[in-house]
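**Q**
2 protein chains.
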Amino acid sequence: MGYNLEYNSDQVLESSPLPMARKNQVPMQGRILDSVVSSLPAEQKGTQDQRLYNEVLDAILDRRLSPGIKLKEDELADIFSVSRTVVRRALLRLSHDHIVDIQPNRGATIIRPDAHKAREILRARRLIEGAVVQEATVAATPESLDALRRCVEDERDQVRRQHKGTGLRLSGDFHIRLASLAQNDTLMGYLKELVPQTSLIIAIYQTPHHTQCSHQEHFDIIDVMATGVTRQARAVMDKHLQNIEDKLDLSGKRSPGDLYAAFAHVKAVEN
Amino acid sequence: MGYNLEYNSDQVLESSPLPMARKNQVPMQGRILDSVVSSLPAEQKGTQDQRLYNEVLDAILDRRLSPGIKLKEDELADIFSVSRTVVRRALLRLSHDHIVDIQPNRGATIIRPDAHKAREILRARRLIEGAVVQEATVAATPESLDALRRCVEDERDQVRRQHKGTGLRLSGDFHIRLASLAQNDTLMGYLKELVPQTSLIIAIYQTPHHTQCSHQEHFDIIDVMATGVTRQARAVMDKHLQNIEDKLDLSGKRSPGDLYAAFAHVKAVEN
DNA sequence: GCGTAACATATGGGATACAATCTTGAGTAC
DNA sequence: GTACTCAAGATTGTATCCCATATGTTACGC
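Chains B and V are the protein sequences, given in the same order.
Quick note on numbering: the first sequence equals residues 877 to 1147 in our numbering.
Quick note on numbering: the second sequence equals residues 877 to 1147 in our numbering.
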């Protein structure tokens, strides 16, 4: 955390009664919820590396950058007119969030999750979001659910006139906002990492007939939460995430461009 | 990740059959499993900021540094004879792992989790380690369990002639090693954050009669895993974590050294 | 002609210098 | 006497420089 815990409490969770949250422990995240961030008092425009973090992530999710691409410090510094210092901070953050991979003396490349990893991440999300949606259902008020519903509407409308990558990001926002209702910063922090990773995976493994994170399903989840039946809320969320996974082509040797995957048969002999 | 996934597979999990884990996505962690790290081919001594990360974390867990203390960049740079550049990186990592809190233009301080946060972290651990121990039970072999058992024995013996902080760290190692059996890097990554945080919490909230993470309970967990009954393994782990929480004094206004907590009655009037 | 080794270039890692910001204390005015 | 202002010191943020390492190229020897 670090910077953006504040708006979690002040902006997203205006109904949050927790005054003791103070400024104690803070995450160090970045991306996601930027729509929320941008609606801040304006003074807090975020540090430079934050901007870089967002820009790079956006580029990845918009598929302007694909996995495997090398992110050279000099070039990024030149493009964004900053020094390498801030580039390196941004890259370090991205690497911590498992978006890029930093090898010592080798530089940073965009991570290319293999099918196994993709499944692993989806499994982690089912575990965490299952618990989160349960807690959120308990803590939710009619008002907060309405607010959540409006968010999904906004996203749906925006997606209709924008392109894919943006849609990917917006549908991820829903999951983060939902998590914020649960008032569990720890789990939400993990979700903030998992959601962009999932978006990256979707960008890589999406099939032709893939229509991202269905907004209808998001509405369904909210409706079930409104009933207060935690067990069912968990089930619906689990199904939703399962649907996402099912729409992907994780059949195997995909992840085009991965040298190791491409020549797996050779490498296999060595071992 | 980034650096130290390698030894997770090569050293800890010598029985791991996963060749496809490769060097794809990497964590960015540090501490924990250092005993393993130190037994590396020697060439990989870790980057400098890694060392700083470990040193600071060790100091915290050994209670040579307490929560709330400010970590000045210049002083750390001076002490460890490095430039502020590497100090900053180490601090950035620590902040990402929720060990220190970085405020812009204000510097880094050691995080002081309040009781609410402490419970939240323990709850997260129960959730994640419950799933992890289930997967680990399925994937475990007699050999890997024996290796795990030997680790606990080593730790028990070492604790007998060493002091508290070290014991805290070693008992945390068990949980990480156990998680490595589950072969779920994502969840293990989160656990690698949660374990030091838990140690920090124990250091703060431990009660007089607190004998850390009982080694007997660790042996019990292994024994249940050996039976292969996943459901029971989960139950035992859950109980173990519950025991840890029960031994803490989370009754409320603790967290010594916190100005806000110390004068909460004054502040309360304002609101 | 092929393979290996030395060299050159590109790129990342670390250190230092400088700028921006915050904190703290003194001084002054009300 | 209190509160406000301003300035000095301290501390963090940013940029640039230099060095270490990796990779690509060329030349030499077999």
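All C-beta atoms, glycine included, are put in the ideal place defined by N, C-alpha and C.
Quick one: what's got a C-beta closer than 7 angstroms to V935(B)'s C-beta in the same chain, skipping five residues either side?
**A** Position 59 of the first sequence holds residue 935(B). Checking the displayed sequence, the identity of residue 935(B) turns out to be Ala instead of Val. The answer, listed in chain order, is L941.
**Q** Is there a Cβ from chain V that is less than 8 angstroms from the Cβ of N930(B)?
**A** For the purposes of this step, residue 930(B) is taken as the residue at position 54 of the first sequence. No, no contact with chain V.
**Q** If you check the beta carbons only, do R1025(V) and L1117(V) fall under 8 angstroms apart?
**A** Along the second sequence, one-based indexing puts residue 1025(V) at 149. Along the second sequence, one-based indexing puts residue 1117(V) at 241. For R1025(V) and L1117(V), no; Cβs fall outside 8 angstroms.
**Q** What's the call for D950(B), buried or exposed, on a 16-neighbour Cβ count within 10 Å?
**A** On the first sequence, residue 950(B) is found 74 positions in, with the first residue counted as 1. The residue is exposed, with fewer than 16 neighbouring Cβ atoms inside 10 Å.
**Q** Identify whether I1080(V) lies in helix, strand or coil by the three-state DSSP scheme.
**A** Locating residue 1080(V) in the second sequence gives position 204, where the first residue counts as 1. Helix at I1080(V).
**Q** Is it buried or exposed, K993(B), if we count other Cβ atoms within 10 angstroms and call 16 or more buried?
**A** Position 117 of the first sequence holds residue 993(B). It counts as buried.
**Q** Tell me which residues of the stretch 997-1025 of chain B have at least one Cβ-Cβ distance to chain V shorter than 8 angstroms, keeping chain order.
**A** Under the 8 angstroms Cβ criterion, the stretch 997-1025 of chain B contributes I997, R999, A1000, L1003, I1004 and A1007.
**Q** For G983(B), write down the residues that DSSP places opposite it in a beta bridge.
**A** Here the question's residue 983(B) lines up with position 107 in the first sequence. The partner list for G983(B) (beta bridge, DSSP) reads Q979(B).
**Q** Taking CB distances under 8 angstroms as the criterion, tell me whether H1051(V) reaches chain B.
**A** Numbered from its first residue, the second sequence carries residue 1051(V) at position 175. Not closer than 8 angstroms to any Cβ of chain B, the Cβ of H1051(V) fails to qualify, so no.
**Q** Give me the Cβ distance between L977(B) and T985(B), rounded to the nearest whole Å; I'm assuming they're in contact under 8 angstroms.
**A** Locating residue 977(B) in the first sequence gives position 101, counting from the first residue. Locating residue 985(B) in the first sequence gives position 109, counting from the first residue. In the sequence as displayed, the identity of residue 977(B) is Asp instead of Leu. With a Cβ gap of about 5 angstroms, D977(B) and T985(B) count as contacting.
**Q** Which residues in chain V sit within 8 angstroms of T923(B), going by Cβ to Cβ distance?
**A** Sequence index remark: in the first sequence, residue 923(B) carries index 47 (1-based). Ordered by position in chain V, the residues that pass the 8 angstroms Cβ test against T923(B) are P980.
**Q** Taking DSSP's pairing of strands, which residues face K946(V) in a bridge?
**A** In the second sequence, residue 946(V) corresponds to position 70, counting from 1. Paired residue(s): T985(V).
**Q** What residues of chain B sit near T1062(V), judged by a beta carbon separation below 7 angstroms?
**A** Along the second sequence, one-based indexing puts residue 1062(V) at 186. Those are E996, I997 and A1000, listed as they occur along chain B.
**Q** Which of the three DSSP states, helix, strand or coil, is assigned to L1046(V)?
**A** The residue given as residue 1046(V) occupies position 170 in the second sequence. Correct three-state label for L1046(V): helix.
**Q** In angstroms, rounded to a whole number, what distance separates the CA positions of V1028(B) and L928(V)?
**A** Taking the first sequence and counting its residues from 1, the one referred to as residue 1028(B) is at position 152. Taking the second sequence and counting its residues from 1, the one referred to as residue 928(V) is at position 52. Cα-Cα distance, rounded: 44 angstroms.
**Q** Which chain B residues are close to Y1081(V), counting only those with a beta carbon under 9 angstroms from its beta carbon?
**A** By 1-based counting over the second sequence, the position of residue 1081(V) is 205. By Cβ distance, chain B contributes nothing, its closest Cβ being about 15 angstroms from Y1081(V), past 9 angstroms.
**Q** Less than 8 angstroms between C-beta atoms, sequence neighbours within five positions excluded: which residues of the same chain meet that for L1070(V)?
**A** Here residue 1070(V) refers to the residue found at position 194 of the second sequence. I997, A1000, R1001 and I1004, listed in sequence order.
**Q** Inspect the beta-carbon positions of P1084(V) and L933(V) and report whether they are closer than 8 angstroms.
**A** What you label residue 1084(V) is simply residue 208 of the second sequence in a count that begins at 1. What you label residue 933(V) is simply residue 57 of the second sequence in a count that begins at 1. No, they are not a contact pair.
**Q** Name, going along the chain, the residues of the stretch 950-970 of chain B whose beta-carbon falls closer than 9 angstroms to a beta-carbon of chain V.
**A** Residues passing the 9 angstroms Cβ filter: T961, R964, R965, L968 and R969.
**Q** Tell me whether the beta-carbon of A1012(B) lies closer than 8 angstroms to the beta-carbon of L1046(B).
**A** Here the question's residue 1012(B) lines up with position 136 in the first sequence. Here the question's residue 1046(B) lines up with position 170 in the first sequence. Taking 8 angstroms as the Cβ cut-off, A1012(B) and L1046(B) do not qualify as a contacting pair.
**Q** Work out the CA separation of A953(B) and G983(V) for me, nearest whole Å.
**A** Sequence index remark: in the second sequence, residue 983(V) carries index 107 (1-based). Sequence index remark: in the first sequence, residue 953(B) carries index 77 (1-based). Computed Cα separation, rounded: 25 angstroms.
**Q** Would you tell me roughly how many angstroms separate the C-alpha atoms of Q1082(V) and A1109(B), rounded to the nearest one?
**A** Start at 1 with the first residue of the second sequence, and residue 1082(V) comes out as number 206. Start at 1 with the first residue of the first sequence, and residue 1109(B) comes out as number 233. Approximately 37 angstroms between the Cα atoms of the pair.
**Q** Using beta carbons (cut-off 8 angstroms, strictly below), is H972(B) in contact with chain V?
**A** Against the first sequence, residue 972(B) aligns to sequence position 96. Closer than 8 angstroms: yes.
**Q** Please list, in chain order, all residues of the same chain as E1031(B) whose beta carbon is under 6 angstroms from its beta carbon, the five residues on each side excluded.
**A** For the purposes of this step, residue 1031(B) is taken as the residue at position 155 of the first sequence. So the list reads L1046, once near-sequence residues are dropped.
**Q** Between the Cα of L937(V) and those of I1077(V), V1009(V) and E1019(V), spot the shortest distance and give me the residue it belongs to.
**A** If you number the second sequence from 1, residue 937(V) lands on position 61. For L937(V), the nearest C-alpha among the options comes from I1077(V).
**Q** Alpha helix (DSSP H) containing H992(B): first to last residue?
**A** As a working mapping, residue 992(B) is identified with position 116 in the first sequence. Looking at the DSSP string, the run of the alpha helix (DSSP H) that includes H992(B) is A991 to A1015.
**Q** Do R939(B) and L1126(B) have their CB atoms nearer than 8 angstroms?
**A** For the purposes of this step, residue 939(B) is taken as the residue at position 63 of the first sequence. For the purposes of this step, residue 1126(B) is taken as the residue at position 250 of the first sequence. Contact flag unset, no.
**Q** Within 10 Å of its beta-carbon, does K948(V) have 16 or more other beta-carbons around it, so buried, or fewer, so exposed?
**A** Within the second sequence, the letter at position 72 stands for residue 948(V). With fewer than 16 Cβ atoms within 10 Å of its Cβ, K948(V) is classed as exposed.
**Q** Less than 6 angstroms between C-beta atoms, sequence neighbours within five positions excluded: which residues of the same chain meet that for V962(V)?
**A** Here the question's residue 962(V) lines up with position 86 in the second sequence. Closer than 6 angstroms at the Cβ level, and outside the excluded window around V962(V), lie Q924 and D925.
**Q** Might you give, ordered along the chain, the residues of its own chain that have their beta carbon closer than 6 angstroms to the beta carbon of A966(B), omitting 5 neighbours on each side?
**A** The residue labelled residue 966(B) in the question sits at position 90 within the first sequence. Counting only Cβ-Cβ distances below 6 angstroms, and skipping sequence neighbours, we find D925, L928 and Y929.
**Q** Quick one: residues in its chain with C-beta nearer than 6 angstroms to the C-beta of H1094(V), no 5 flanking neighbours on either side, listed in chain order?
**A** As a first step, residue 1094(V) must be located in the second sequence, where it is residue number 218. Cβ within range, chain order: V1028 and F1050.
**Q** Report the option in K1123(B), R1036(B), T1017(B) and A1079(B) whose CA atom is closest to the CA atom of I1098(B).
**A** Walking along the first sequence from the start, residue 1098(B) turns up at place 222. Per the Cα distances, T1017(B).
**Q** Roughly how many angstroms separate the alpha carbons of L894(B) and E931(B), rounded to a whole number?
**A** By 1-based counting over the first sequence, the position of residue 894(B) is 18. By 1-based counting over the first sequence, the position of residue 931(B) is 55. Note on L894(B): pLDDT 30, under 50, position unreliable in the model; the coordinate value appears next. Taking the straight line joining both Cα atoms gives about 33 angstroms.
**Q** Taking only runs that begin and end inside the stretch 1090-1119 of chain B, name each unbroken alpha helix (DSSP H) of 4 or more residues, in chain order.
**A** Correct list: 1091-1103.
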